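Asks: Protein chains in written order, with the working numbering: chain A, 27 to 173; chain B, 18 to 432.
Mind looking over this structure? Questions follow.
Encoded structure:
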């Protein structure tokens with residue numbers, strides 16, 4: 027049971043998060059906040075011609091939220107803005123619905139166990155909420171809350 | 018079982034107590050439930066469930082108005098709880114006890130009714146660094162509205178209030194000192210009698226938030242000389258949605274009503290309304306009758322076991338649990354006050370409380386993780402959140418052992 031939620035990939039990314047650093051030449055930034063647990067996350071994006079060239083994050087949180095941010099950064103590179111937002115929707119469906127797991131989620135499928143734990147969905151979506159606000163907000167440095 | 022654990026069980030028949038709580042006899046994720054979240058809400062003994070059921074099945078009617086049999090029965094049962102509460106808190110009379118939804122509403126009642134009448138620009142309200150949000154936000158709202166100042170008693174690294182600093186905060190502008198009797202996040206038992214005495218010397222009133230004290234300590238509002246005291250029913254094994262505000266009669270009498278409506282009036286015309294006497298002046302509308310009756314059964318139950326016995330047993334559990342938890346490498350207790358109720362709040366190096374909570378849950382162990390509605394406490398100890406195991410008299414030494422084993426599993430998963 028514990029392994030269904032905390033799959034090997036999640037544990038790996040939570041202990042050794044990828045792209046976990048600030049980015050000086052980012053042209054999009056956003057902050058995410060989960061008031062339930064106090065977790066904060068800052069996301070940095072470098073967009074060129076509407077394509078994600080680079081992405082990184084800073085922040086500390088639980089294993090689920092850290093791994094989610096880490097795996098998100100890995101899966102975003104090279105995607106267009108609309109592809110990134112479409113992936114977000116699929117990821118959200120993975121966590122919150124009983125629908126069959128989308129085929130093109132790649133490594134992100136490791137979060138499928140989270141749907142059994144409604145209290146933890148917000149942990150897994152914090153980075154993605156932050157991404158959405160970075161890509162869609164009108165103000166340059168929005169702070170988004172999961173509440 | 019170790020020698021210590023058999024010594025603990027010898028003085029208190031916890032297995033018999035557990036028979037009264039059907040909810041405890043279940044498995045969660047295939048493991049026996051270990052409920053360590055009583056500071057959030059206590060479980061309900063059968064007698065409380067039965068009392069509520071009996072009301073709904075046999076006596077159900079609105080109170081105070083009907084002349085018919087059922088209404089008289091429900092009124093009597095509901096009002097009896099006021100008498101039981103009088104004995105529970107040792108108040109002078111029933112008229113000093115107001116039924117509210119819980120401690121939160123009680124504090125809001127005082128901050129709104131007493132506060133708006135008595136707090137003016139430049140006045141000061143003193144709270145402490147370990148308050149639950151419910152004893153911060155209402156006062157903050159009042160201060161903002163009236164142009165008053167909120168001042169905060171600091172605490173030391175153990176999670177104890179620093180009384181020398183408190184003394185310095187008191188001055189002729191202090192109108193109210195509102196502090197918790199027992200901290201929900203740290204377990205600290207505050208020296209409220211001394212705190213009240215100091216406030217009175219400075220000419221200030223006091224409100225004591227007893228939400229975490231009433232389930233664990235014998236409370237005597239007269240001995241404390243508290244001006245206001247409040248607790249929530251659901252934390253003393255009663256139902257949710259019912260609680261008590263105690264206030265000295267002269268203070269309550271001088272306060273304007275909190276809400277208007279039925280039951281709180283003497284006469285109503287379109288020109289003028291006169292208000293009912295205490296306690297009804299503060300009880301507009303049909304109250305939580307079933308909740309009030311359930312609370313009465315809960316107070317009977319707690320009183321029959323004896324708060325002194327409960328406190329002594331829980332203290333033994335706390336000592337045992339503290340010793341066991343401190344043996345886990347990388348675990349740090351948050352809240353190590355010398356006078357402490359049975360709360361074990363802790364952090365583990367490199368492991369987020371939410372992950373601890375989930376892995377414990379998968380082993381059937383219910384703990385609370387997060388900021389416990391006390392974000393300033395988390396800031397004070399520089400942690401975003403803690404894991405909190407809060408104990409009650411129906412918990413056992415074996416359950417603490419289960420927690421320790423559960424935490425070892427947590428370490429295995431995340432090491």
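No residue lacks a Cβ here, since even glycine has one placed at the ideal position from N, Cα and C.
Since we're looking at a predicted model, the values are computed, not measured.
1) Roughly how many whole angstroms lie between the Cα atoms of residue 116(B) and residue 145(B)?
2) Is it buried or exposed for residue 87(B), if we count other Cβ within 10 angstroms and need 16 for buried?
3) If you run the structure through DSSP and keep just helix, strand and coil, what is residue 395(B)?
4) DSSP on residue 310(B), reduced to helix/strand/coil?
5) Using a cut-off of 9 Å between C-beta atoms, extract the partners of residue 431(B) located in chain A.
6) Taking only the alpha-carbon atoms, compute the straight-line gap between residue 229(B) and residue 193(B) and give it to the nearest angstrom.
7) What does the Cβ neighbour count give for residue 18(B), buried or exposed, with the cut at 16 atoms within 10 Å?
8) Hey, residue 55(B) and residue 39(B): beta-carbon distance below 8 Å or not?
9) If we define contact as Cβ-Cβ less than 8 Å, is residue 119(A) a contact residue for chain B?
10) Excluding the 5 residues flanking residue 32(B) on each side, which residues of the same chain have their C-beta closer than 7 Å to its C-beta?
11) Going by C-alpha distance, which of 191(B), 376(B), 175(B) and 71(B) is nearest residue 145(A)?
12) For the beta strand (DSSP E) that contains residue 56(A), what are its first and last residues?
13) Where does the unbroken alpha helix (DSSP H) through residue 68(A) begin, and where does it stop?
14) Can you find a CB in chain A that lies within less than 8 Å of the CB of residue 375(B)?
15) Residues in the same chain with beta-carbon distance under 8 Å from residue 20(B), minus the five sequence neighbours each way, listed in chain order, please.
16) Using a beta-carbon distance below 8 Å, is residue 379(B) in contact with chain A?
17) Do residue 338(B) and residue 316(B) have their C-beta atoms within less than 8 Å of each other?
18) From the DSSP secondary-structure annotation, give me the bridge partner or partners of residue 368(B).
19) Any beta carbon from chain A within less than 8 Å of residue 423(B)'s own beta carbon?
20) Tell me residue 144(B)'s beta-bridge partners as DSSP assigns them.
21) Give the range of the alpha helix (DSSP H) segment to which residue 158(B) is assigned.
22) If you reduce the DSSP assignment to three classes, tell me which class residue 281(B) lands in.
23) Determine the closest residue to residue 349(B) out of 357(B), 367(B) and 214(B), with distance taken between C-alpha atoms.
24) Compile a chain-ordered list of the residues in the segment 49 to 72 of chain A whose CB is closer than 7 Å to at least one CB of chain B.
25) For a cutoff of 8 Å on Cβ pairs, would you count residue 401(B) as touching chain A?
26) Just the chain E side, please: which residues come within less than 8 Å of residue 146(A) by C-beta, in chain order?
27) Is residue 134(B) buried or exposed, if buried means 16 or more other CB atoms sit within 10 Å of its CB?
28) What residues in the segment 335 to 359 of chain B bring their beta carbon closer than 9 Å to a beta carbon of chain A?
29) Quick one: Cα of residue 132(A) to Cα of residue 143(B), how far?
30) Determine, for residue 27(A), whether the minimum Cβ-Cβ distance to residues of chain B falls below 8 Å.
31) What are the start and end residues of the beta strand (DSSP E) that includes residue 245(B)?
32) Using 8 Å as the limit for Cβ to Cβ distance, is residue 150(B) near chain A?
33) With 8 Å as the threshold, decide whether the Cβ of residue 149(A) is near any Cβ in chain B.
34) Please name the residue in 129(B), 374(B), 309(B) and 122(B) whose C-alpha comes closest to that of residue 101(B).
35) Is it the case that the Cβ atoms of residue 184(B) and residue 215(B) are separated by a distance below 8 Å?
Replies: Judging by the given coordinates:
1) Sequence index remark: in the second chain, residue 116(B) carries index 99 (1-based). Sequence index remark: in the second chain, residue 145(B) carries index 128 (1-based). Spanning the two alpha carbons is a distance of roughly 26 Å.
2) Within the second chain, the letter at position 70 stands for residue 87(B). Under this definition residue 87(B) is an exposed residue.
3) Residue mapping note: residue 395(B) aligns to position 378 of the second chain, counting from 1. Three-state DSSP puts residue 395(B) in a helix.
4) Taking the second chain and counting its residues from 1, one reaches residue 310(B) at position 293. Helix, per DSSP.
5) Residue numbering aside, residue 431(B) sits at position 414 when the second chain is read from its first letter. In chain order: 32, 37, 40, 41 and 89.
6) Here residue 229(B) is taken as the residue at index 212 of the second chain, counted from 1. Here residue 193(B) is taken as the residue at index 176 of the second chain, counted from 1. Each residue's alpha carbon lies about 20 Å from the other.
7) On the second chain, position 1 is the one that residue 18(B) refers to. Note on residue 18(B): pLDDT 42, under 50, position unreliable in the model; the coordinate value appears next. Residue 18(B) should be labelled exposed.
8) Taking the first residue of the second chain as position 1, residue 55(B) is located at position 38. Taking the first residue of the second chain as position 1, residue 39(B) is located at position 22. No.
9) For the purposes of this step, residue 119(A) is identified with residue 93 of the first chain, where counting begins at 1. Taking Cβ atoms only, chain B never reaches closer than 8 Å to residue 119(A), which makes this a no.
10) By 1-based counting over the second chain, the position of residue 32(B) is 15. Cβ neighbours of residue 32(B) beyond the five flanking positions: none.
11) The residue labelled residue 145(A) in the question sits at position 119 within the first chain. Checked all of 191(B), 376(B), 175(B) and 71(B); the closest Cα to residue 145(A) is 376(B).
12) For the purposes of this step, residue 56(A) is taken as residue 30 along the first chain, with counting starting at 1. Counting along the chain, residue 56(A) sits inside the beta strand (DSSP E) bounded by residues 54 to 60.
13) The residue given as residue 68(A) occupies position 42 in the first chain. Counting along the chain, residue 68(A) falls outside any alpha helix (DSSP H), though it belongs to the beta strand (DSSP E) covering 65 to 74.
14) Residue 375(B) sits at position 358 when you count from the first residue of the second chain. Cβ-Cβ to chain A under 8 Å: yes for residue 375(B).
15) Numbered from its first residue, the second chain carries residue 20(B) at position 3. Reliability fails at residue 20(B), whose pLDDT of 46 lies under 50, so the model's placement of it is uncertain and the value that follows must be treated cautiously. Contacts found: none.
16) Residue numbering aside, residue 379(B) sits at position 362 when the second chain is read from its first letter. With 8 Å as the cut-off, residue 379(B) counts as an interface residue toward chain A.
17) Counting from one through the second chain, the residue named residue 338(B) turns up at place 321. Counting from one through the second chain, the residue named residue 316(B) turns up at place 299. No; because the gap between Cβ atoms is not below 8 Å, this pair is not in contact.
18) To locate residue 368(B), count along the second chain from 1; it is residue 351. Paired residues: 365(B).
19) Along the second chain, read from residue 1 onward, the residue named residue 423(B) stands at position 406. No - not a single Cβ of chain A is within 8 Å of the one on residue 423(B).
20) Working through the second chain from its first residue, we reach residue 144(B) at position 127. In the DSSP output, where bridge partners are listed per residue, residue 144(B) has 169(B).
21) To locate residue 158(B), count along the second chain from 1; it is residue 141. Note, residue 158(B): alpha helix (DSSP H), 154 to 163.
22) Position 264 of the second chain, counted from the start, is the residue given in the question as residue 281(B). Note: residue 281(B) maps to coil in three-state DSSP.
23) Numbered from 1 along the second chain, position 332 holds the residue referred to as residue 349(B). It is 367(B) whose Cα lies nearest to the Cα of residue 349(B).
24) So the list reads 62, 63, 64 and 65, given in the order they occur along the chain.
25) Numbered from 1 along the second chain, position 384 holds the residue referred to as residue 401(B). Chain A contact via Cβ: present.
26) The displayed structure is made up of protein chains A and B, and chain E is not among them.
27) Mapped onto the second chain, residue 134(B) falls at position 117. Flag for residue 134(B) reads exposed.
28) none
29) Position 106 of the first chain holds residue 132(A). Position 126 of the second chain holds residue 143(B). Looking at the two C-alpha atoms, the distance is approximately 55 Å.
30) On the first chain, position 1 is the one that residue 27(A) refers to. So yes, residue 27(A) belongs to the interface.
31) Position 228 of the second chain holds residue 245(B). Start and end: 245 to 249.
32) Position 133 of the second chain, counting from 1, holds the residue named residue 150(B). Cβ-Cβ to chain A under 8 Å: no for residue 150(B).
33) Within the first chain, residue 149(A) is the residue found at index 123, counting from 1. By the rule that beta-carbons nearer than 8 Å mark a contact, residue 149(A) touches chain B.
34) Position 84 of the second chain holds residue 101(B). Out of 129(B), 374(B), 309(B) and 122(B), 309(B) has the C-alpha closest to the C-alpha of residue 101(B).
35) For the purposes of this step, residue 184(B) is taken as residue 167 along the second chain, with counting starting at 1. For the purposes of this step, residue 215(B) is taken as residue 198 along the second chain, with counting starting at 1. The answer is yes: Cβ separation under 8 Å.
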